[in-house]
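**Q** Pasting in a structure now, in structure tokens, and then I'll have a few things to ask.
In structure tokens, the structure reads:
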């Protein structure tokens, strides 16, 4: 059977065979004419020359034959297309069902492929993006993963990294931009002057930074990101040349970037390093322990990642040898060049590949369902096909006609699927933006259109060739036995049954994936984050560096703001904090500390914890319980001894079985006390653990410092209210502006919104998987109903005879249902084996759920079994409604 099919396909599409046959035929005619000439008395040379002359040239004859073949082939194809369109118009139900099924499958694949292509496959929008790397620093011996570099480290990398043609530094900070209607808080990328040249980025307007503009004494300039330019200036090209105030300096806008992904941060503006008051401070320039920078480089021509790795290993060894105080050998410093392409998509890749595999299975289901419809229609066309065969149509000709019809259906389905993909593009961009900064690159472009066309053609060929696997029937048999009862029907029914088994298996795998993600989402929602999120308003507030230059000025602003907000109507408690739990706009604030009475160690080998600056009412405002000792108080001021609270995880790790109250710790490089020495900080209380950065990550060891003793520029305002928290936004803004008119306050959100936002990624992933799984179940249920309905129609006489002989309708119903459920059980068994293998691929997306979770497997099996039972029950009831006398008379 397979040999006949492949032979037919080869005869349709193999030009080599056609050329060989043409050569053979021409050779035969030339040799025959040569023989006739020999019999006339010519010499062999004369005979062959005369034969070729009479033909007028073999190549000319071959060209004429080819031209005729092409014309005949084109005419035949047009005939097939016209006949196929007429045939499908006569069967609108079949055509519509097939087109819609294929549109869903192809549309889903096109949509997800556009995401995969735009994010994972498309080259970076940087010049020579495949040569760009980010240098990563790890120190396993000190517990440091992906650490930051100091300015001295960057200078050494520029001088010592022989495999890199250039090294540029980067860090990001928030500053206040003045010169517009209202003060604006902008995220600012602080970079080397060669940063954009290194990335190969050319500005959309103006220019980027010139050599030397990152040196002290240069004019302060800004480059705007495309997104910020469009959002804040409406795409006005006149912004280039405008002057704004930032950090008490005039900054001139010199350029606007093209729409490229922001990495590692989505910055609003960029400035050279000298313009950053923190980066250009003298202690930063000369202290190797002041790590705050990320480093990017470009591989030299001919350099490889493996070679760059060896090169950076040598640099790390050199640092540990030359700077043992900063990089002792015990920390095992490692420097790695990470391709920027992978860095931009690292968190997105697993999710997107899972979704691509999922929609691939959905398309396979769609093909199987349409193949089932095609087989049912083919049985009804048995006489037609047998008659065409009797009139001279070969098997290849009939297969080509069926392929033409199936490809027509697939192309129309692909066109509708493309419309579907265009419609959901915005949602997919929003979804992808939670995983990667490359989301804006998702488009329905040329490669995606080619993919859609290819998938449509392949889909049409796949389900169009299936009829070739069924037995050939002659016209005599077809006319004698009837098109509904010929012996080929049994073979096609077996094939349809196999397709149903496959559909059930694929649906089971998809439902298992969706079920595991739903269970993960449910587990995440059940996590106790350690705080109360109800009726708490949050807002972001960063003080202008140039205005609040001293700790006393910052402390005075914070005191006035707390006092003013505490008297506002509807406010229960108010607090300030450097960060708050699950805030996606505030990263970890990890730092080193020294415990009193513990053996001294080097700076890099010191233990690390997460530091938070909070005002006294912080824990009451967000509902974090005090477990031991006392809370922070308003009397904890700069003139009083420094105090701190720690969480339970900190107490368990560093004081197991002991009471941490009264113990002291020290933070190196912190602001000195009254005597000019780094002060000791006394632990006065222990609070409950909080999931600070992620619901799925365990609580980190945390140290809470009194904000009055450690006032900073960056802070967040948190207010617990008696009513709707968002109604307090205007009051907070007015209070801030009453204290400082040039002080921005933004990003008003409730703590509940913040908590729910952390679930957006798993929620959207689960939603997509559930939608695809539901589509798969619907397609499978339709297929089961179609097969059972067809089977009942084939056995009408059998059921009539059985009931005439005394069989109860219930027994007939049970017999039909057993046929359907046997297919379902076979599919469930096959699906179980496949799920046990495939679901391990999504283990990285799960939380506290095993890929082989028994509860999920049992629930999915019951759900799919029930859906199949319902789908089979309706057509099965037709068997019990058969009139035995009518059935016997039609026998």
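In this note's numbering, the protein residues as written are 629 to 1519. The beta-carbon is built from N, C-alpha and C at its ideal position, and this holds for glycine as well. Nothing here was measured: the structure is a model prediction, and the numbers come from that model.
For residue 1258, tell me which candidate among 1310, 1213, 935 and 1219 has the shortest Cα-Cα distance.
**A** Answer by Cα proximity: 1310.
**Q** So which of 1150, 1454, 1176 and 1201 has the shortest CA-CA distance to residue 1163?
**A** It is 1201 whose Cα lies nearest to the Cα of residue 1163.
**Q** Would you check if there are 3 or more beta carbon pairs closer than 8 Å linking the stretch 1078-1091 to the stretch 1405-1412?
**A** The answer is no - the stretch 1405-1412 does not touch the stretch 1078-1091, with fewer than three Cβ pairs under 8 Å.
**Q** Mapping the DSSP letters down to three states, classify residue 1294 as helix, strand or coil.
**A** Residue 1294 falls in the strand class under three-state DSSP.
**Q** At what residues does the beta strand (DSSP E) containing residue 1275 begin and finish?
**A** Element bounds for residue 1275: 1271-1275.
**Q** Locate the alpha helix (DSSP H) running through residue 912, then write down its first and last residues.
**A** Its alpha helix (DSSP H) spans residues 910-914.
**Q** For residue 1344, I'd like the list of residues in its chain whose CB is within less than 8 Å of its CB, leaving aside the five on either flank, ordered along the chain.
**A** Closer than 8 Å at Cβ, skipping near neighbours: 1166, 1167, 1168, 1169, 1204, 1205, 1206, 1207, 1208, 1211 and 1214.
**Q** Is the beta carbon of residue 1064 less than 8 Å from the beta carbon of residue 985?
**A** No, these two residues do not count as a Cβ contact at 8 Å.
**Q** Spatial neighbours of residue 803 within its chain, please: CB distance less than 7 Å, with the 5 preceding and 5 following residues excluded, ordered by chain position.
**A** Closer than 7 Å at Cβ, skipping near neighbours: 814, 816, 874, 875 and 1173.
**Q** For residue 925 and residue 795, which I take to be in contact (beta-carbon distance under 8 Å), what is that distance rounded to the nearest angstrom?
**A** Yes, residue 925 and residue 795 are in contact; Cβ-Cβ is about 5 Å, under 8 Å.
**Q** Could you pull out every unbroken beta strand (DSSP E) segment of at least 3 residues lying fully inside the stretch 903-990, listed in chain order?
**A** Segments of the beta strand (DSSP E) lying fully in the stretch 903-990: 922-927 and 962-967.
**Q** Can you tell me whether residue 890 is buried or exposed? The criterion is at least 16 other CB atoms within 10 Å of its CB, across all chains shown.
**A** Answer is buried; the Cβ neighbour count reaches 16.
**Q** Answer yes or no: do residue 1066 and residue 747 have a C-beta to C-beta separation smaller than 8 Å?
**A** A contact, by the Cβ cut-off of 8 Å.
**Q** Tell me which residues share the same chain as residue 1035 and place their Cβ nearer than 6 Å to its Cβ, disregarding the 5 neighbours each side in the sequence.
**A** For residue 1035, where only same-chain residues beyond five positions count, the Cβ hits under 6 Å are 1088.
**Q** Report the rounded CA-to-CA distance for residue 946 versus residue 915, giving the unit in angstroms.
**A** Rounded to whole angstroms, residue 946 to residue 915 spans 18 Å at the Cα level.
**Q** Between 1337, 723, 755 and 1353, which has its C-alpha nearest residue 1197's C-alpha?
**A** Minimum Cα distance to residue 1197 is reached at 1353.
**Q** What three-state label does DSSP hand residue 1476 in the structure shown?
**A** Note: residue 1476 maps to coil in three-state DSSP.
**Q** Going by CA-CA distance only, name the one from 836, 820, 969 and 780 that's closest to residue 950.
**A** For the residues 836, 820, 969 and 780, the minimum Cα distance to residue 950 belongs to 780.
**Q** According to DSSP, which residues form a beta bridge with residue 1164?
**A** According to DSSP, which records beta bridges pairwise, residue 1164 is partnered with 1348.
**Q** Report back the beta-carbon spacing between residue 1294 and residue 1306 to the nearest angstrom; my notes put them in contact at under 8 Å.
**A** Confirmed, Cβ separation roughly 6 Å.
**Q** Go through its chain and collect everything with a Cβ distance to residue 1476's Cβ below 6 Å, but skip five positions before and after it.
**A** Within the same chain, residue 1476 has close Cβ partners 1151.
**Q** Over what stretch of residues does the alpha helix (DSSP H) that includes residue 1247 continue unbroken?
**A** 1246-1250 is the span of the alpha helix (DSSP H), which, as asked, contains residue 1247.
**Q** Round the Cβ separation of residue 1001 and residue 1387 to the nearest angstrom and send it over; I've been treating them as touching at under 8 Å.
**A** Between residue 1387 and residue 1001 the Cβ distance is about 40 Å, and since that is not below 8 Å, they are no contact.
**Q** What's the gap between the Cα of residue 1430 and the Cα of residue 1418?
**A** Roughly 19 Å separates the two Cα atoms.
**Q** Cα separation between residue 1233 and residue 1296?
**A** Roughly 12 Å between the two C-alpha positions.
**Q** State the beta-bridge partners of residue 810 as determined by DSSP.
**A** According to DSSP, residue 810 bridges with nothing at all.
**Q** In whole angstroms, what is the alpha-carbon distance linking residue 811 and residue 1380?
**A** In a straight line, the C-alpha of residue 811 is about 28 Å away from that of residue 1380.
**Q** Go ahead and label residue 774 buried or exposed: buried means 16 or more other beta carbons lie within 10 angstroms of its beta carbon, across all protein chains shown.
**A** Looking at its Cβ environment, which holds fewer than 16 other Cβ atoms inside 10 Å, residue 774 is exposed.
**Q** What did DSSP end up calling residue 1481 once you bin it into helix, strand or coil?
**A** Correct three-state label for residue 1481: coil.
**Q** DSSP beta-bridge partners for residue 1374?
**A** Paired residues: 1168.
**Q** Find out if the Cβ-Cβ distance for the pair residue 1129, residue 1496 is shorter than 8 Å.
**A** No, the pair does not count as a contact, with Cβ atoms beyond the cut-off.
**Q** Quick one: grab the DSSP three-state call for residue 799.
**A** In the structure shown, residue 799 sits in a strand (DSSP, three-state: E or B).
**Q** Under 8 Å, do residue 1356 and residue 1367 count as touching if we go by C-beta distance?
**A** Taking 8 Å as the Cβ cut-off, residue 1356 and residue 1367 do not qualify as a contacting pair.
**Q** Please name the residue, chosen from 1053, 1263 and 1408, that lies closest to residue 997 on a Cα-to-Cα basis.
**A** Cα-wise, what sits closest to residue 997 is 1408.
**Q** Between 929, 1359, 1248 and 1268, which has its C-alpha nearest residue 1336's C-alpha?
**A** Answer by Cα proximity: 1268.
**Q** Is residue 1331 helix, strand or coil when you go by DSSP?
**A** Strand at residue 1331.
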